[in-house]
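Enquirer: Just so you know, we're using this note's numbering here: the sequence shown kicks off at 261 and counts up by one.
After the structure tokens below, expect a handful of questions from me.
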Amino acid sequence: MKNIPSLNVTFFSAIISFAPLIKANFEVYMCSSPKPRTKVKGKSATSASFLSSMSAESRQRFTERANIAQERRDNIKIAEKAKISSDKNHLRAKKASTKIKAPKRSSYWLLTISVKELFNLLFFRKTGASQ
261 MKNIPSLNVT FFSAIISFAP LIKANFEVYM CSSPKPRTKV KGKSATSASF LSSMSAESRQ
321 RFTERANIAQ ERRDNIKIAE KAKISSDKNH LRAKKASTKI KAPKRSSYWL LTISVKELFN
381 LLFFRKTGAS Q
């Protein structure tokens, strides 16, 4: 019986000694919080300090590239919206063209058939349309 409490103390002391390592390796995220895809290493600079450390030519090139990238993103968004709207229009047109038409009832056809067509259908297996 005396060995069991000492084992428990040893076990818990081992867990407590490894607790900082376990906490460092596993980060806890809530389900609704966005998870970063990559870890950011280093300090993030403010935009003022970032641009102030560049030369005038570098700032000019940076702004040109940033403007081109923004225009490209805007064009991609416009193209996506146009594709979505064209897909919606295509689906509307397809739905209108594939509307199910009610077939003619055979009982109505039997009432409107002429005697000649009925005679040909029964004896010669021909309808008025195939003659």
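Ideal placement from N, C-alpha and C gives every residue a C-beta, glycine not left out.
From a predicted model like this one, the values you see are computed outputs, not experimental measurements.
Alpha carbon to alpha carbon, how far is R398 from R319?
Expert: Any question about residue 398 goes unanswered here, given that the chain covers just 261 to 391.
Enquirer: Report the three-state DSSP secondary structure of L281 (helix, strand or coil).
Expert: Legend: pLDDT at L281 = 49, less than 50; position of this residue unreliable, value from coordinates given subsequently. Reduced to three states, the DSSP call for L281 is helix.
Enquirer: Which residues bound the alpha helix (DSSP H) around K376?
Expert: That run of the alpha helix (DSSP H) goes V375 to F384.
Enquirer: How many Å lie between S346 and R333 at the Cα?
Expert: The alpha-carbon atoms of S346 and R333 are separated by roughly 20 Å.
Enquirer: Please return the same chain residues whose Cβ sits closer than 7 Å to the Cβ of L371, not counting the five positions on each side in sequence.
Expert: So no residue of the chain qualifies.
Enquirer: Mapping DSSP to helix, strand and coil, what is K299?
Expert: Note: K299 maps to coil in three-state DSSP.
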